[in-house]
Structures are given as structure tokens and as C-alpha cells.
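Numbering (this note's numbering), first residue to last: 16 to 268.
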């Protein structure tokens with residue numbers, strides 16, 4: 016049965032692409048350790064991979080990539096939220112699936128792998144790990160789960176930017192200016208594209224008690240929007256000093 020290989024470097028991914036045969040379907044899952052849905056998706060994909068035998072040449076190959084640690088690869092495939100699935104063949108993207116909908120993921124993979132649901136059980140039911148429906152949670156429970164997710168998100172990196180778009184393609188002028196400020200000050204930061212996840216986009220406004228974007232968070236605490244960041248920099252010339260690439264390198268050394 017097939018298994019999932021974790022990609023740990025850009026060079027390793029380049030080798031995978033170079034070695035892949037034109038007929039092999041590459042199933043690539045982008046994840047982040049702080050995102051709870053990614054753990055669920057890992058289980059789903061592991062179950063699906065086990066249904067595909069290892070052949071020569073392989074009909075499918077399965078990979079997992081940390082979207083934050085290997086951001087260069089993430090940007091290549093326009094990964095703006097996790098979990099995020101990319102299906103490739105012959106160097107071309109066939110389809111992408113954003114989110115943790117197991118049925119969509121399974122259907123996409125089977126469509127491009129040319130595999131039907133022969134793996135279903137004798138009663139026609141798909142494997143429980145893939146097709147089991149989640150019971151509908153009550154509003155208070157859903158809100159608590161969302162706030163726990165947001166709590167993890169704002170702490171995903173020492174500096175987190177919640178923006179419209181991505182650093183390489185900002186979708187509003189304020190987000191573009193914020194990215195420019197962080198780059199000019201050599202700040203190491205994580206980001207989240209709120210346009211790719213409406214639940215986060217709306218929920219963070221309530222969680223932060225701050226109604227607009229972009230939002231900059233440092234050490235899990237809200238700094239504010241563009242105007243507030245500019246004010247902080249005017250009042251403190253070393254506002255970002257502890258979060259620069261040089262500071263991070265010094266801490267490691």
C-alpha cells in the first residue's frame with residue numbers, strides 16, 4: 016500500500032518533481048502543526064493512500080508539506096490556508112481542494128487517479144475515517160471551538176499578520192503597506208489570508224474586538240492595524256528589534 020512522505024526541503028521537492036513519471040498522480044497535502052483540521056486530514060489521507068498499491072511506475076505518490084516552513088513551495092501553489100490539497104500530474108496542477116472536507120478530497124483524488132469506490136465495504140459504505148459525518152455542534156460549542164482555533168492561530172508565530180491576500184500578492188492597500196513595513200524592518204512573521212477562510216475572517220473580529228484588517232499580533236497579543244503599528248514605530252524606534260531575522264539568528268546561536 017502507498018504511504019505519505021514528508022517533504023523537508025525545497026531541494027527534496029525539486030527531486031520529487033524531476034523524478035515523477037508523466038503518468039503518476041502526485042497527491043500533495045499542505046499542513047501546519049497548529050491547525051487542528053490538518054490532523055484530521057492526515058488521518059483521511061493516510062487511509063486513502065493505503066487503498067492504492069505500490070506499483071512500478073507508481074500510479075500515485077503521496078506527500079505532506081509544512082506550509083509555513085516551506086513557504087516558497089506554498090506560494091508556488093497559491094496555498095493561502097491549511098489544510099490544502101494539490102493534485103499534480105506531469106508538472107501541471109489538476110485540481111486543488113482547500114479545507115478539511117473528506118468527501119471532496121476523496122472524490123478529487125479518485126477522479127484524477129482513475130479509481131472508483133471499489134474500496135467501499137460490502138454494504139457500499141465508504142471507510143468510516145473518510146465518510147463519517149460529523150454531528151452538528153450547537154452554536155456555543157462551535158464558537159468555543161472557533162475561539163480555540165483563533166487562539167492557536169494568533170500564536171502560530173511570534174509575529175502574525177492577518178491580511179487580505181498573501182505577502183506576495185496583497186489584496187488591499189493597507190495589507191500591502193503592512194507587508195512593506197515588516198519587510199523593511201526584516202521582521203520574521205507568519206501570515207494568514209483571511210479572504211481564504213470566512214470563518215476566521217468574521218470570528219477574529221469578535222475574538223480580537225477589532226473590526227478591520229489587516230491585524231498585526233505579537234506574542235499572541237493584538238497590536239492593531241496599520242495606523243497603530245505606525246504609531247508604535249514612531250514612539251519606539253526598536254519596536255520590531257526583538258523580532259527581526261538577525262535577532263532570531265542570534266537566539267539560535
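From the three backbone atoms N, C-alpha and C, an ideal C-beta is built for every residue, glycine too. The structure presented is a predicted model; accordingly, all values stated were derived computationally and were not measured.
For the pair residue 161 and residue 218, the Cα-to-Cα distance works out to about 7 angstroms. By the criterion of at least three beta-carbon pairs nearer than 8 angstroms, the segment 102-120 is in contact with the segment 33-44.
Of all alpha-carbon atoms in 43, 89, 183, 227, the one lying nearest the alpha-carbon of residue 123 is that of 43. Sorting 17, 66, 173, 183 by C-alpha distance to the C-alpha of residue 89 places 183 at the top.
Note that the C-beta distance between residue 17 and residue 94 is not below 8 angstroms.
Scanning its chain for C-beta atoms nearer than 6 angstroms, with the 5 sequence neighbours on each side dropped, one finds around residue 78 the residues 20, 22, 43, in chain order. Residue 246 sits exposed, since fewer than 16 C-beta atoms from the chains shown fall within 10 Å of its C-beta.
If the five residues before and after residue 258 are omitted, its C-beta is found closer than 8 angstroms to the C-beta atoms of 173, 174, 202, 203, 204, 233, all from its own chain and listed in chain order.
Residue environment: residue 185 is assigned as buried (16 or more neighbouring CB atoms within 10 Å of its CB, all protein chains considered). Closest option to residue 102, judged by alpha-carbon separation, among 126, 118, 86, 84: 126. Between the alpha carbons of residue 169 and residue 31 lies a gap of roughly 33 angstroms. Here residue 168 carries a helix assignment [DSSP, helix/strand/coil]. Taking 8 angstroms as the cut-off, the beta carbon of residue 98 is found closer than this to the beta carbon of residue 115.
For residue 63, the enclosing alpha helix (DSSP H) begins and ends at 51-64. Cβ-Cβ distances below 7 angstroms link residue 164 to 51 in the same chain, with the five nearest sequence neighbours on each side left out; the list follows chain order. In this model, residue 56 and residue 251 are separated by some 43 angstroms (Cα to Cα). When the five nearest sequence neighbours on each side are left out, the beta carbons in the same chain lying within less than 7 angstroms of the beta carbon of residue 227 are those of 240, in order along the chain.
Counting C-beta atoms within 10 angstroms of its own C-beta, residue 190 has 16 or more neighbours from the protein chains shown and is therefore classed as buried. Residue 156 counts as exposed, since fewer than 16 other C-beta atoms from the protein chains shown sit within 10 angstroms of its C-beta.
In the DSSP assignment, the residues bridged to residue 45 are 80, 99. Runs of the alpha helix (DSSP H) spanning 4 or more residues and lying entirely within the segment 21-45 occur at 25-34, in chain order. DSSP, reduced to helix, strand and coil, places residue 111 within a strand of the structure shown. Taking the Cα positions, residue 177 is about 6 angstroms away from residue 206.
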